[in-house]
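So the sequence shown is residues 8 to 484, counted in our numbering. Every residue, glycine too, gets a C-beta built ideally from N, C-alpha and C. Everything numeric in this text was worked out from a predicted model, so none of it was measured. Some notes on the structure that comes next.
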Amino acid sequence: MKVKIVGIQTKFVVSFIFSLIVSFFIYIVLYSSYINFESQKYPYKFQNYNYSFSKLTYITRNICLNINDVHFNNKSQYKSVLSKYETEYSKYKLGFIVTDPQDKILYNSSKLPGNPNLEKTYSDFLKYFDHTKNITMYHDYIFKTSIKTGDHISILWITASPVNIPHDSIGTLEGFKNVVILLFICMLLFFLITRHRMKYINEICCGIQTIANKNLNFKIHQKGHDELSEISKNINLMADKIKEKIKNERKIEASKNMLITNVAHDIRSPLTSIIGFLQIVENNEYKSKEEMQRFINISLKKAETMKKLTDNLFMFTKLNGSDLKLHLSTVCLNELIYQLIDEFSITFENSKLKIVDNICAENIMVTIDINLFVRALNNLMYNALKYSTKPSDVKVSLTQCDKNAVISISNNCKNLNTKNVNMVFEKFYRADKSRTNPDEGSGLGLSITKSIIERHSGKIWANYDEGTITFTISLPD
8 MKVKIVGIQT
18 KFVVSFIFSL
28 IVSFFIYIVL
38 YSSYINFESQ
48 KYPYKFQNYN
58 YSFSKLTYIT
68 RNICLNINDV
78 HFNNKSQYKS
88 VLSKYETEYS
98 KYKLGFIVTD
108 PQDKILYNSS
118 KLPGNPNLEK
128 TYSDFLKYFD
138 HTKNITMYHD
148 YIFKTSIKTG
158 DHISILWITA
168 SPVNIPHDSI
178 GTLEGFKNVV
188 ILLFICMLLF
198 FLITRHRMKY
208 INEICCGIQT
218 IANKNLNFKI
228 HQKGHDELSE
238 ISKNINLMAD
248 KIKEKIKNER
258 KIEASKNMLI
268 TNVAHDIRSP
278 LTSIIGFLQI
288 VENNEYKSKE
298 EMQRFINISL
308 KKAETMKKLT
318 DNLFMFTKLN
328 GSDLKLHLST
338 VCLNELIYQL
348 IDEFSITFEN
358 SKLKIVDNIC
368 AENIMVTIDI
378 NLFVRALNNL
388 MYNALKYSTK
398 PSDVKVSLTQ
408 CDKNAVISIS
418 NNCKNLNTKN
428 VNMVFEKFYR
438 ADKSRTNPDE
448 GSGLGLSITK
458 SIIERHSGKI
468 WANYDEGTIT
478 FTISLPD
């Protein structure tokens, strides 16, 4: 079942939006509680009449301009002219009082209680209004102007009730503070919501540092199903691959060291013999010319052994390199096997061995590098020649199975067991540990054979059962 991966970017965006919405509601609740508490404790703290007084000043001056040219003759005319302003500005409870020069009231629509002293009220208002920059307490508004009534001048008093506009809704500084508080709550919530993912990011960073310090067995715990968990998974896979690569490199390095050691050992023995025999010849320490010739022949044989060893080593190195190119051609494998048997039959008979063939009648065509493939088969035949129990039969067969050509070479031998049969393909491996003389073989033959077969996309394996070892090659045709 494929697990759906939710992007971490989506998670963070959703978390931020959620934090913003929740912080907004938290702010409203907290600020409302704060306003209610402060309003009860400090009643005038959140009152502001500045806007109302400024508005009323503008309204009254505008009224004065409109009625400046009006001549009032009676009370009904006062009402008809002034009542429209009362209706228009009912929000401020606008009222009008008209008095003659002797302060006698001619018209009164004001909401002022009783019979107020208008001059004193006006004087008190001017003092309060002129000296107070921030009006936080309620005060009745009153304005004074002159109008024409008949043939004399009357006084028009305009009264009003200012409206409170809460301080918090008009203050720029307060608005900025509110935004800061809202953002702080939002960021705090966002931090709390995302801290487990941030903690996981820190765990990943610590895990990478641990792996970088060569602790490749360390594993980062996978959490969730997003990009972070995918990163953790890939880092763990990377650590495993690095560990496997280091293991293989160490194995290759150990193999190289063993190769150098074995080659040095196998070359040193014949080289020491050659030097010894040549020194005898050089110093004329031989007893006769026949003995000198024997020393020369032995030295030549040792040199040929060294050449064979270096040739095998060169071939082994070449086969395991990446620059080897196969020269492929299509051949009949039946004819190739028959030719191989003919070439080895006399040599085997001289060693009291008999080749028994079982070649299928149907021709099997394969695409191979003939020189390399013949060398692989020769190595198997030479191996049978060296290690077979004498006298005995060596069986060579060719069959076809599941579109693969199958070649088998079997011989009797007593120096193997089922536990180490698969080690015969290891370089420098010798079944008979007592046979350390390089003249008996380099120990690279079967390793070279395996490399050649694998280069042809084939397989080779060995089975040992009741004293008989069988080498089987499976090659795609």
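For this session: Please determine if the segment 271-286 and the segment 244-256 are in contact, where contact requires at least 3 C-beta pairs separated by less than 8 Å.
Result: no
Exercise. Is any beta-carbon of chain C found at less than 9 Å from that of K18?
Worked result: In the displayed structure, chain C is absent; only one protein chain is listed.
For this session: Tell me, to the nearest whole angstrom, how far the beta carbon of C420 is from that of T456; I am working on the premise that it is less than 8 Å.
Result: In the sequence shown, the residue the question calls residue 420 occupies position 413. In the sequence shown, the residue the question calls residue 456 occupies position 449. About 17 Å; that fails the 8 Å criterion.
For this session: Reducing DSSP to helix, strand and coil, say where K466 ends up.
Result: One-based indexing of the sequence shown puts residue 466 at position 459. Reduced to three states, the DSSP call for K466 is strand.
Exercise. Secondary structure at P70, three-state DSSP: helix, strand or coil?
Worked result: For the purposes of this step, residue 70 is identified with residue 63 of the sequence shown, where counting begins at 1. In the sequence as presented, Pro is not what sits at residue 70; that position holds Ile. Helix at I70.
Problem set entry | Cβ-based burial, F302 [other Cβ within 10 Å; buried from 16] | Taking the first residue of the sequence shown as 1, we reach residue 302 at position 295. That one is buried.
For this session: Could you tell me how far apart the beta carbons of Y453 and N386 are, in whole angstroms, since I believe they sit closer than 8 Å?
Result: Indexing the sequence shown from 1 puts residue 453 at position 446. Indexing the sequence shown from 1 puts residue 386 at position 379. Here residue 453 is Leu; the residue named in the question, Tyr, does not match the sequence. That pair is a contact at about 6 Å.
Problem set entry | Best match in E210, N69, I476 and L27 for proximity to I188 [C-alpha to C-alpha] | Residue mapping note: residue 188 aligns to position 181 of the sequence shown, counting from 1. That would be L27, whose Cα lies nearest to the Cα of I188.
Exercise. Taking the continuous beta strand (DSSP E) assigned at T374, which residues delimit it?
Worked result: Along the sequence shown, read from residue 1 onward, the residue named residue 374 stands at position 367. Per DSSP, T374 belongs to the beta strand (DSSP E) from M372 to I375.
Problem set entry | Cβ neighbour criterion (16 or more within 10 Å) applied to K309 | Counting from one through the sequence shown, the residue named residue 309 turns up at place 302. K309 comes out buried.
Problem set entry | Assigned secondary structure, N264 (DSSP; H/G/I helix, E/B strand, else coil) | In the sequence shown, the residue the question calls residue 264 occupies position 257. Reduced to three states, the DSSP call for N264 is helix.
Exercise. Opposite G102 in the DSSP bridges: which residues?
Worked result: Numbered from 1 along the sequence shown, position 95 holds the residue referred to as residue 102. G102 is bridged to T166.
Exercise. On the three-state DSSP scale, how would you describe C420?
Worked result: Taking the first residue of the sequence shown as position 1, residue 420 is located at position 413. DSSP places C420 in coil when its eight states are reduced to three.
For this session: List the DSSP bridge partners of A368.
Result: What you label residue 368 is simply residue 361 of the sequence shown in a count that begins at 1. Answer by DSSP bridge pairing: none, since A368 is not bridged.
For this session: Classify K457 as helix, strand or coil using the three-state DSSP reduction.
Result: The count along the sequence shown starts at 1 and reaches residue 457 at position 450. Correct three-state label for K457: helix.
For this session: Measuring alpha carbon to alpha carbon, tell me which of S295, I305 and D400 ends up nearest L285.
Result: Within the sequence shown, residue 285 is the residue found at index 278, counting from 1. Among S295, I305 and D400, the Cα nearest to that of L285 is on I305.
Exercise. What does a CB cutoff of less than 8 Å around D158 pick up in its chain, not counting 5 residues either side in sequence?
Worked result: Here residue 158 corresponds to residue number 151 of the sequence shown, with the count starting at 1. Excluding sequence neighbours, D158 sits near nothing in its chain.
Exercise. With a CB to CB cut of under 6 Å and the five nearest residues on each side skipped, what residues in its chain are close to V413?
Worked result: In the sequence shown, residue 413 corresponds to position 406, counting from 1. Around V413: T406 and S481.
For this session: Work out the CA separation of F351 and R442 for me, nearest whole Å.
Result: Sequence index remark: in the sequence shown, residue 442 carries index 435 (1-based). Sequence index remark: in the sequence shown, residue 351 carries index 344 (1-based). Since pLDDT at R442 reaches only 46, below the 50 mark, its modelled position is unreliable, and the value read off the structure follows with that caveat. Cα to Cα, the separation comes out at about 24 Å.
Problem set entry | Helix, strand or coil at N7 [DSSP, three-state] | As displayed, the chain neither begins before 8 nor continues past 484, which places residue 7 out of reach and without an answer.
Exercise. In terms of DSSP beta bridges, what is C212 paired with?
Worked result: Here residue 212 refers to the residue found at position 205 when the sequence shown is read from its first residue. Per DSSP, none; premise fails for C212.
Exercise. Quick one: what does DSSP say N115 is sitting in, helix, strand or coil?
Worked result: Position 108 of the sequence shown, counting from 1, holds the residue named residue 115. Looking at N115 - three-state DSSP - the assignment turns out to be strand.
Exercise. DSSP on L333, reduced to helix/strand/coil?
Worked result: As a position in the sequence shown, residue 333 is number 326, starting the count at 1. Coil.
For this session: Determine the contact status of P483 and S458, defining contact as a CB-CB distance below 9 Å.
Result: Here residue 483 corresponds to residue number 476 of the sequence shown, with the count starting at 1. Here residue 458 corresponds to residue number 451 of the sequence shown, with the count starting at 1. No, they are not a contact pair.
Exercise. Who are P483's beta bridge partners in DSSP?
Worked result: Within the sequence shown, numbered from 1, the residue matching residue 483 stands at position 476. P483 is bridged to N411.
Exercise. Would DSSP call K402 helix, strand or coil?
Worked result: The sequence position of residue 402 within the sequence shown is 395, counting from 1. In this structure, K402 counts as strand in the three-state DSSP scheme.
Problem set entry | Contact belief for P169 with S59 at Cβ below 8 Å, rounded distance in angstroms | Stepping through the sequence shown from its first residue, residue 169 is reached at position 162. Stepping through the sequence shown from its first residue, residue 59 is reached at position 52. Right, the Cβ-Cβ distance comes to about 4 Å (below 8 Å), so this counts as a contact.
Exercise. What does a CB cutoff of less than 8 Å around K118 pick up in its chain, not counting 5 residues either side in sequence?
Worked result: Here residue 118 corresponds to residue number 111 of the sequence shown, with the count starting at 1. Taken in chain order, the residues that qualify are K100, G102, T166 and S168.
For this session: Take T312 as the anchor and find which of N370, Q300, S280 and E298 has the nearest alpha-carbon.
Result: On the sequence shown, position 305 is the one that residue 312 refers to. Closest option to T312, Cα to Cα, is S280.
For this session: Classify Y148 as helix, strand or coil using the three-state DSSP reduction.
Result: Stepping through the sequence shown from its first residue, residue 148 is reached at position 141. Looking at Y148 - three-state DSSP - the assignment turns out to be strand.
For this session: Decide if C193 is buried, meaning its Cβ has at least 16 other Cβ atoms within 10 Å, or exposed.
Result: For the purposes of this step, residue 193 is taken as residue 186 along the sequence shown, with counting starting at 1. It counts as buried.
Problem set entry | E298 versus N327: straight-line alpha-carbon distance, rounded | Within the sequence shown, numbered from 1, the residue matching residue 298 stands at position 291. Within the sequence shown, numbered from 1, the residue matching residue 327 stands at position 320. Each residue's Cα considered, the two are about 44 Å apart.
Problem set entry | Rounded distance between the beta-carbons of T106 and I149, thought under 8 Å | Mapped onto the sequence shown, residue 149 falls at position 142. Mapped onto the sequence shown, residue 106 falls at position 99. Not really, about 13 Å apart at Cβ, beyond 8 Å.
For this session: Could you please give me the residues that DSSP links to I154 through a beta bridge?
Result: Counting from 1 along the sequence shown, the entry for residue 154 is found at position 147. Bridge partners of I154: S161.
For this session: Spatial neighbours of R68 within its chain, please: CB distance less than 7 Å, with the 5 preceding and 5 following residues excluded, ordered by chain position.
Result: Your numbering for residue 68 matches position 61 in the sequence shown. So the list is empty, once near-sequence residues are dropped.
For this session: Can you say whether I371 is buried or exposed, counting buried as having 16 or more other CB atoms within 10 angstroms of its CB?
Result: Locating residue 371 in the sequence shown gives position 364, counting from the first residue. Buried: at least 16 other Cβ atoms inside 10 Å.
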